[in-house]
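Chain order of the listed sequences is C and H.
Number 285 marks the last residue of the first sequence (my numbering); no jumps.
Number 523 marks the last residue of the second sequence (my numbering); no jumps.
Backbone N, C-alpha and C define an ideal beta-carbon position, used for all residues, glycine too.
Keep in mind that this is a model prediction, so the values were computed, not measured.
Taking it in order: structure first as structure tokens, then the write-up.
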Amino acid sequence: MKLKVRGVTKKFRSKNGALTALEPIDLDVQAGEFVCLLGPSGCGKSTLLNIIAGLDQPTTGEVRVDGEPARHTGTDRVMIFQNAALFPWLNVIDNVAFGLRMAGVPKIERQETARRFLRMVHLSDFESAFIHELSGGMRQRVALARALALNPDVLLMDEPFGALDAQTRDLLHDELQTIWSDTHKTVLFVTHNVREAIVLGDRVVVFSARPGKIKQIFTINLPRPRQIESYAVVDLAREMMTVLRDDVLTSEREIEQAVLRHDLEAQIEDGMRATFREVGDDVL
Amino acid sequence: MMFFRRWVANRWTRQIVFFAALLAAWQAFAWIGPLPDYVFPSPLGVAQSLARGFQNGTFILGIVASMQRILIGFGISAVAGMELGLAIGRIRLLDETVGSLVLGLQALPSICWLPLALLWFGLSEAAILFVVVMGALLSITLATEAGVKNTPPLYLRAARNLGARGWRLYALVILPAALPAIITGMKLGWSFAWRSLMAGELLYVSLGLGQLLNAGRELNDMSQVIAVMLVIIAIGLAVDRLVFAPVESRVRERWGLQG
Ligand SMILES: Nc1ncnc2c1ncn2[C@@H]1O[C@H](COP(=O)(O)OP(=O)(O)O)[C@@H](O)[C@H]1O
Ligand SMILES: [Mg+2]
């Protein structure tokens, strides 16, 4: 097992007491597997990813990489943030080479490596551009190249395409699938979009909201490469949502007798509703 | 009519007309007014003084001397201020101690350091440099400190995740991330330093623009006094507009801080 998440919880201290962001999370990810974490915003996906990256510490529990406790951040697990987090004071190639520079790789060598990965993400012509000159999609490509240049075993992607237009996003889905099948990376990919999760994931881990915990794990057996508008993906998305909705409804029905109708609605609202609505817009 | 309207609407036109009118009124008053030339010189007289000053080299020498002092003083302030600000911004203990000292000293106009500097260094270049440094150092320190404290945490997380540690994190991430704030601080520091230098040169010193002002006064040569004032204004403005403003706007654009 490449990644083991064992009993990870996270509490944040806030003004009105403690906020439980994650209830105990257990998750195993195999080497080379593409796992999507799906859930409404605020359910703790980023929190979990940051803990796996070693950028935050869990309140309890631990993360193991190749069996070793992973308490500190390291270049074996590189993060790709939603807004790319590129350095505006460096041009594109220096951004891509940044990790190699930190690792003490000589300049000529690291530039060569950086160029190779810029070719991979189709940005060879932009190596001396600065970040403010790039579109959102190009920035995510640079961030991907910057991560890949370090040749990490694990890529941690936190809603990397969340802010992109649909066309750019579809294009990046294709490129990411190609790169993933070429490089055999283990990928953890956070999204709140059901179809995106189905297109990319071998498995889709669905979170429920506040406090975040794993609700259900789906295995996606569709042949690759997958297209977001293909019937197979759309159908599966609808099916998954039905399962999840029924699930929410039955569990809610058990307590329904004791609870006023608007209370129930508020709870659903609080829970999976947010996802359903977003996803519903996408699907329908 | 259309042409005239557009002409008036232009900001430059309005400014040129204003300053031309000001000059004309000045010249007219100097001609018909009751005041003698050494009290109220005409703009033409000032222009002649300016030309004379540059032709006989005294202005050039003064400018070179003053610029030399400010470049050295400002350079020291920039380097020391950035390091001090970085340390204060990152180390809690320094923030609570040295940080509040810097904040307190900032309230003191830097020319007030001159008597102390004269006692320490005597009548020397070092004394005036000290005053210049005290003028720029504190604002560069405070700006760097603010910039460092406001570094977007995302940059730090990304950098740490990519393997940045120790001094490299400071030199290659934290400082550049704070650069927009640092440049604003330098701009402010420069104007403080320039004012302190002029005050210092005026009160004492061998050669420089401030001393030329004094010389004009001693010779009862008001047109030289005004000519030197114009040179001081011109240099102050030029450095601000031609050096700091373009750098500041380029950095802000690149850092994504403006539309
Ligand atoms: N540093 C923090 N301090 C306090 N609360 C936080 C912090 N980070 C996240 N949270 C809270 O934890 C919950 C989960 O956040 P997050 O992991 O960002 O959700 P997601 O990525 O799924 O949208 C949210 O309610 C959020 O407000
Ligand atoms: Mg998030």
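Cβ-based burial, residue i [other Cβ within 10 Å; buried from 16]
i, result
"Leu151 of chain C", "buried"
"Gly353 of chain H", "buried"
"Trp519 of chain H", "buried"
"Gln258 of chain C", "Per-residue confidence for Gln258 of chain C stands at a pLDDT of 43, beneath the threshold of 50, marking its modelled position as unreliable; no derived number is given."
"Asp264 of chain C", "Residue confidence is low: Asp264 of chain C scores 47 on pLDDT, short of 50, so the model does not pin down where it sits. No coordinate-derived value is stated."
"Gln522 of chain H", "exposed"
"Glu465 of chain H", "buried"
Cutoff 9 Å: residue i Cβ touching any chain C Cβ
i, result
"Leu350 of chain H", "no"
"Glu517 of chain H", "yes"
"Gly427 of chain H", "yes"
"Val437 of chain H", "yes"
"Gly520 of chain H", "yes"
"Ala441 of chain H", "yes"
"Arg356 of chain H", "no"
"Tyr434 of chain H", "no"
"Ala407 of chain H", "no"
"Ala410 of chain H", "no"
"Leu466 of chain H", "no"
"Arg505 of chain H", "no"
"Ala445 of chain H", "no"
"Ala422 of chain H", "yes"
"Leu418 of chain H", "yes"
Contact test: residue i Cβ vs ligand 1 heavy atom, cutoff 8 Å
i, result
"Val207 of chain C", "no"
"Ala104 of chain C", "no"
"Arg211 of chain C", "yes"
"Pro41 of chain C", "yes"
"Ala463 of chain H", "no"
DSSP beta-bridge partners of residue i
i, result
"Pro70 of chain C", "C:Arg65"
"Asp159 of chain C", "C:Val191"
"Lys11 of chain C", "C:Leu23"
"Gln288 of chain C", "With chain C represented from 2 up to 285, any question about residue 288 of chain C goes unanswered, as that position is not in the structure."
"Asn92 of chain C", "C:Phe131"
"Lys5 of chain C", "C:Asp29, C:Arg65"
"Ile81 of chain C", "C:Met158"
"Gly321 of chain H", "DSSP, once it has assigned bridges, lists no residue as partnering Gly321 of chain H."
"Gly138 of chain C", "The partner list for Gly138 of chain C (beta bridge, DSSP) is empty, contrary to what the question assumes."
"Gly18 of chain C", "C:Ser15"
Contact check, residue i vs residue j, beta carbons under 9 Å
i, j, result
"Val188 of chain C", "Leu156 of chain C", "yes"
"Gly317 of chain H", "Ala463 of chain H", "no"
"Asn274 of chain H", "Val79 of chain C", "no"
"Val200 of chain C", "Ile218 of chain C", "no"
"Ala311 of chain H", "Phe304 of chain H", "no"
"Ala98 of chain C", "Gln83 of chain C", "no"
"Val489 of chain H", "Gly480 of chain H", "yes"
"His174 of chain C", "Leu39 of chain C", "no"
"Leu135 of chain C", "Ala115 of chain C", "no"
"Gly245 of chain H", "Leu443 of chain H", "Nothing about residue 245 of chain H can be reported from this structure: the residues present for chain H run from 265 to 523 only."
"Val143 of chain C", "Leu87 of chain C", "yes"
"Leu23 of chain C", "Leu4 of chain C", "no"
"Arg72 of chain C", "Gly45 of chain C", "no"
"Gly337 of chain H", "Thr408 of chain H", "no"
"Val234 of chain C", "Arg196 of chain C", "yes"
"Leu401 of chain H", "Leu348 of chain H", "yes"
"Glu128 of chain C", "Ile94 of chain C", "yes"
Residue i at chain H interface by Cβ criterion, 9 Å
i, result
"Met121 of chain C", "no"
"His174 of chain C", "no"
"Phe13 of chain C", "no"
"Thr220 of chain C", "no"
"Pro89 of chain C", "yes"
"His133 of chain C", "yes"
"Arg78 of chain C", "yes"
"Met139 of chain C", "no"
"Asn51 of chain C", "yes"
"Met158 of chain C", "no"
"Arg170 of chain C", "no"
"Gly100 of chain C", "yes"
"Asn194 of chain C", "no"
"Thr74 of chain C", "yes"
"Asn84 of chain C", "yes"
Cβ-heavy atom distance, residue i to ligand 2, below 8 Å
i, result
"Lys214 of chain C", "no"
"Glu160 of chain C", "yes"
"Lys11 of chain C", "no"
"Val366 of chain H", "no"
"Val362 of chain H", "no"
"Val191 of chain C", "yes"
"Gln141 of chain C", "no"
"Gln522 of chain H", "no"
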